[in-house]
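Accompanying notes for the structure given below.
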Amino acid sequence: MKLFKLAWASLLSRKANALLTVVAIAISVMLLLGVDRVSQQTRAGFANTISGTDLIVGARSGPVNLLLFSVFHIGYPSSNVSWDAYAHWREHEQVAWSIPIALGDSFRGHPVIATDHNFFDHFQYGQRQSVQFAEGHPFEHSAEAVLGARVAKEQGLRPSDEVVISHGTGSVSFHQHDEDPVQISGVLAPTGTPLDNAVFIPLVGLATMHGEHQAEEPQSPPSFSQQSVPQEDEEHEHEHEHEHEVALDSEQPIDSLSAFFVGLHSQPRAIFMQRMINTWGQEPLTALMPGATLQELWRTLNMFERVLAIVSGFVLLTGLIGMLATLLASLQERRREMAVLRSLGAGPGTIFSLLVSEAFVLTVTGIGVGVALLYAALYALAPWIEYSFGVVIHISWPSVVEWQRMAIVLVAGTVISCLPAWRAYRNSLADGLTIKL
Amino acid sequence: MNSIVVNGLRFHYPAQTEPTLDIGQLEIARGERVFLYGPSGSGKSTLLSVLAGIHRPQSGTVAIEDTDITALTARQRDHFRAHHIGYIFQQFNLLPYLDCIHNVALACEFSNVRRQRLQQRNISPEDEAARLLNQLGISHEMHSRRASELSVGQQQRVAAARALIGSPELIIADEPTSALDADSRLSFLKLLFAECERAGSTLLFVSHDAELASQFDRSLSLSALNQSAEA
Ligand SMILES: Nc1ncnc2c1ncn2[C@@H]1O[C@H](COP(=O)(O)OP(=O)(O)OP(=O)(O)O)[C@@H](O)[C@H]1O
Ligand SMILES: [Mg+2]
Numbered sequence: 118m119k120l121f122k123l124a125w126a127s128l129l130s131r132k133a134n135a136l137l138t139v140v141a142i143a144i145s146v147m148l149l150l151g152v153d154r155v156s157q158q159t160r161a162g163f164a165n166t167i168s169g170t171d172l173i174v175g176a177r178s179g180p181v182n183l184l185l186f187s188v189f190h191i192g193y194p195s196s197n198v199s200w201d202a203y204a205h206w207r208e209h210e211q212v213a214w215s216i217p218i219a220l221g222d223s224f225r226g227h228p229v230i231a232t233d234h235n236f237f238d239h240f241q242y243g244q245r246q247s248v249q250f251a252e253g254h255p256f257e258h259s260a261e262a263v264l265g266a267r268v269a270k271e272q273g274l275r276p277s278d279e280v281v282i283s284h285g286t287g288s289v290s291f292h293q294h295d296e297d298p299v300q301i302s303g304v305l306a307p308t309g310t311p312l313d314n315a316v317f318i319p320l321v322g323l324a325t326m327h328g329e330h331q332a333e334e335p336q337s338p339p340s341f342s343q344q345s346v347p348q349e350d351e352e353h354e355h356e357h358e359h360e361h362e363v364a365l366d367s368e369q370p371i372d373s374l375s376a377f378f379v380g381l382h383s384q385p386r387a388i389f390m391q392r393m394i395n396t397w398g399q400e401p402l403t404a405l406m407p408g409a410t411l412q413e414l415w416r417t418l419n420m421f422e423r424v425l426a427i428v429s430g431f432v433l434l435t436g437l438i439g440m441l442a443t444l445l446a447s448l449q450e451r452r453r454e455m456a457v458l459r460s461l462g463a464g465p466g467t468i469f470s471l472l473v474s475e476a477f478v479l480t481v482t483g484i485g486v487g488v489a490l491l492y493a494a495l496y497a498l499a500p501w502i503e504y505s506f507g508v509v510i511h512i513s514w515p516s517v518v519e520w521q522r523m524a525i526v527l528v529a530g531t532v533i534s535c536l537p538a539w540r541a542y543r544n545s546l547a548d549g550l551t552i553k554l
Numbered sequence: 006m007n008s009i010v011v012n013g014l015r016f017h018y019p020a021q022t023e024p025t026l027d028i029g030q031l032e033i034a035r036g037e038r039v040f041l042y043g044p045s046g047s048g049k050s051t052l053l054s055v056l057a058g059i060h061r062p063q064s065g066t067v068a069i070e071d072t073d074i075t076a077l078t079a080r081q082r083d084h085f086r087a088h089h090i091g092y093i094f095q096q097f098n099l100l101p102y103l104d105c106i107h108n109v110a111l112a113c114e115f116s117n118v119r120r121q122r123l124q125q126r127n128i129s130p131e132d133e134a135a136r137l138l139n140q141l142g143i144s145h146e147m148h149s150r151r152a153s154e155l156s157v158g159q160q161q162r163v164a165a166a167r168a169l170i171g172s173p174e175l176i177i178a179d180e181p182t183s184a185l186d187a188d189s190r191l192s193f194l195k196l197l198f199a200e201c202e203r204a205g206s207t208l209l210f211v212s213h214d215a216e217l218a219s220q221f222d223r224s225l226s227l228s229a230l231n232q233s234a235e236a
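The listed protein sequences derive, respectively, from chains Z and D.
Counting from 118, one number per residue, gives the positions in the first sequence under this note's numbering.
Counting from 6, one number per residue, gives the positions in the second sequence under this note's numbering.
Right under this line is the structure:
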């Protein structure tokens, strides 16, 4: 009979104990790998939210705040950028393209972004991927809107459906925009970024909703000239008559913006442009480079990450101590077994390899189960993380660091089992043989 | 030629000061069948485990088959025992998760000497285990039963088979008949004798059962042998 069969029969006779050890190791491995993976994935997800934009410009404020509201739609701009400032920088010779955005409204809890066609033409995320339409097309009129993928899915909306957009960012809106419905012109393909959760309307649409063009700004060029446009729109099979419906080719659709994204002809010039905008005398502005500020943002979250790392270290320690405790307990249980084997001539090598190989097998199984649990948890939690943070968790093979950590657990588990193995041999033979039944 | 030679043996358990064993001289000839008796707690099991090299005496020499085992290291004594001594423990010490056959064959697993003796007869440890078990009245159907599923008397017989396999020179039996009825006891003894004779083994047999003494070549009273205060 092979030693392996002996070890296996012995292990099977202690199923419950072995199972407990495996579970203890599995849970610590899962937490150890999971904590790291989630923070790495979140970091990658953050970095994927914007790409190809060289500068984000807003009113003077902290760059992290500017980044949070312009890219992640978290928080509000403390003040706005005038259209004139936007028009000035848009025409700068270094600027290849620019995207104006105005925030502040919401639709059933989803942030509403007022922008223009530049957004669909130039905005990029991930590895320089452009925004794609799953259905329909960009808005062409003031009373049209484009939905992010998840908004469409959650609200069960399709192009040509009509919705009412409210003012303010709460889910419960206090005053609705005069009950004027907008028609959905298109739905974006999923991006795995906060875009999925957003509703896009034209700047003109926002202005008309807020009544800017009727009363408050009578001198504003678009107001009257565009009032006539809806008449031409009747041929577009619109069932409702949209009083304020205007075309989008206005020179100044709105008075002020929350921020604008800028793409330069030459990316290395970004740092000079940033300084120029920050020191512009006519209006206090803040320009940021998204990559650098994302890193800064991540650094502010670094504390959180470090705490997680410490926690996972302790989790591993606890797991290993648990394993040592189980091994020592099972050794007590196995005193007679070891003594019997020794009395029949089994040497220290045999005793060692029996105990250590069992610990090795239990640790490997524990690691395997732990990794399986981790992937199960990732599959289960990924939608929740995406929902809560707009960040997609990519489920990929274990990284080098993760393999290293598994190796550390394996080595630690095996080394730890040498202690009971050594004790098993140190225990006097008679001690194990005369245990009364 | 002697199988066992003991000289000036003194042994006490670590926690004790008074020696449990104090034996001036003891000789048992090769092939002899010796009956050892004495009251409970007199040190019979202790003496057997000293002879088997499980305990090491504080002074004196113990020669088994002309090897002074007190001069050996613990590891060497483990080897020596595996090769030359078959021990039927009072507590049997079977592995509960192995079946009968493998419990018996296990004695060959760590002893190439026992394996070689079987090889010379062209027989595998498993076949020899089956033969011995059958001899000792463990029928074929029970061979694949786990030791934990046997009666106490059956466990004793499996333990005996494990001691006998591979024909060690010395068989030490610590009350192997305690769980058997009078008839089974005698037939067990006959089978044990037959196997010892076959292999030419010496037999040192401990029992409370004075009736059995007449079956042996010689009876030893530990009380007479042991000069320690306790005995
Ligand atoms: N591990 C031990 N540590 C200390 N003292 C022990 C130990 N084992 C046995 N003793 C003591 O040694 C003495 C002899 O014990 P032993 O087991 O040899 O007796 P025995 O003659 O075999 O008895 P029985 O017939 O009941 O089996 C007893 O007084 C016992 O209390
Ligand atoms: Mg005894």
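Ideal placement from N, C-alpha and C gives every residue a C-beta, glycine not left out.
In this text, all values refer to a predicted model and were calculated from it rather than measured experimentally.
Environment of residue i [buried if 16+ CB atoms lie within 10 Å]
i      : result
Z:F431 : exposed
D:N222 : A small fix is needed here, since residue 222 of chain D is Asp in this sequence, not Asn. Classification of D:D222: exposed, given that the 10 Å Cβ count is below 16.
Z:S345 : Residue placement at Z:S345 is flagged as unreliable, the pLDDT there being 38, under the threshold of 50; a coordinate-derived value is accordingly withheld.
Z:D233 : buried
D:L41  : buried
Z:Y242 : buried
D:F16  : buried
D:S156 : exposed
Z:H258 : buried
Z:L123 : buried
D:D27  : buried
D:L209 : buried
Z:R416 : exposed
Z:L434 : exposed
D:Q125 : exposed
Z:H209 : exposed
Cα-Cα separation between residue i and residue j, rounded to whole angstroms
i      : j      : result
D:E37  : D:L111 : 27 Å
Z:L405 : Z:R160 : 19 Å
Z:G380 : Z:S373 : 20 Å
Z:V174 : Z:L274 : 33 Å
Z:A143 : Z:D153 : 16 Å
Z:A213 : Z:N165 : 22 Å
Z:F250 : Z:V263 : 9 Å
Z:N197 : Z:R177 : 9 Å
Z:T216 : Z:V517 : Strictly speaking, residue 216 of chain Z in this sequence is Ile, with Thr absent from that position. Spanning the two alpha carbons is a distance of roughly 40 Å.
Z:P407 : Z:D171 : 7 Å
Z:V248 : Z:H254 : 11 Å
D:S45  : D:A187 : 20 Å
D:D104 : Z:I502 : 54 Å
D:L123 : D:S129 : 7 Å
D:L230 : Z:W539 : 38 Å
D:L53  : D:H60  : 9 Å
D:D73  : D:V67  : 6 Å
Z:Q246 : Z:G169 : 9 Å
D:E200 : D:L137 : 9 Å
D:S233 : D:N12  : 15 Å
Z:M326 : Z:I167 : 29 Å
Z:V316 : Z:F224 : 7 Å
Z:A126 : D:S224 : 42 Å
D:N7   : D:E70  : 7 Å
Whole-Å CB distance - residue i paired with residue j, under 8 Å assumed
i      : j      : result
Z:E400 : Z:S199 : 6 Å
D:A134 : D:L99  : That belief does not hold up - the Cβ atoms of D:A134 and D:L99 are roughly 13 Å apart, past 8 Å.
Z:I371 : Z:I318 : Z:I371 to Z:I318, Cβ: 11 Å. No contact.
D:L14  : D:G65  : 4 Å
D:R119 : D:I170 : 7 Å
Z:V304 : Z:A269 : 4 Å
Z:T480 : Z:L137 : So it is not a contact: roughly 14 Å between Cβ atoms.
Identify each residue in the stretch 454-471 of chain Z for which the Cβ-Cβ distance to at least one residue of chain D is less than 9 Å, and report them in chain order. Hits within the stretch, in order: E454, A456, V457, L458, R459, S460, L461, G462, A463, G464, P465 and T467.
Mind checking the stretch 125-149 of chain Z against chain D and listing, in chain order, the residues whose C-beta falls within less than 8 Å of any C-beta there? Of all residues in the stretch 125-149 of chain Z, A126, S127, L129 and S130 have a Cβ within less than 8 Å of some Cβ in chain D.
Residues of the stretch 109-138 of chain D whose Cβ lies closer than 7 Å to any Cβ of chain Z, in chain order: Residues of the stretch 109-138 of chain D with a C-beta less than 7 Å from any C-beta of chain Z: A110, L111, A112, E114, F115 and S116, listed in chain order.
Any residue with its C-beta under 7 Å from a non-hydrogen atom of ligand 2 counts. Can you list them all in chain order? Output, sorted by chain position: D:K49, D:S50, D:Q95, D:D179, D:E180 and D:V211.
Anything in the stretch 58-90 of chain D with a Cβ closer than 8 Å to a Cβ of chain Z? List those residues in chain order, please. Result list: I59, H60, A79, R80, D83, H84, R86, A87 and H88.
Could you run through the stretch 532-550 of chain Z and flag, in chain order, every residue whose CB is less than 7 Å away from some CB of chain D? Answer in chain order: L546, A547 and L550.
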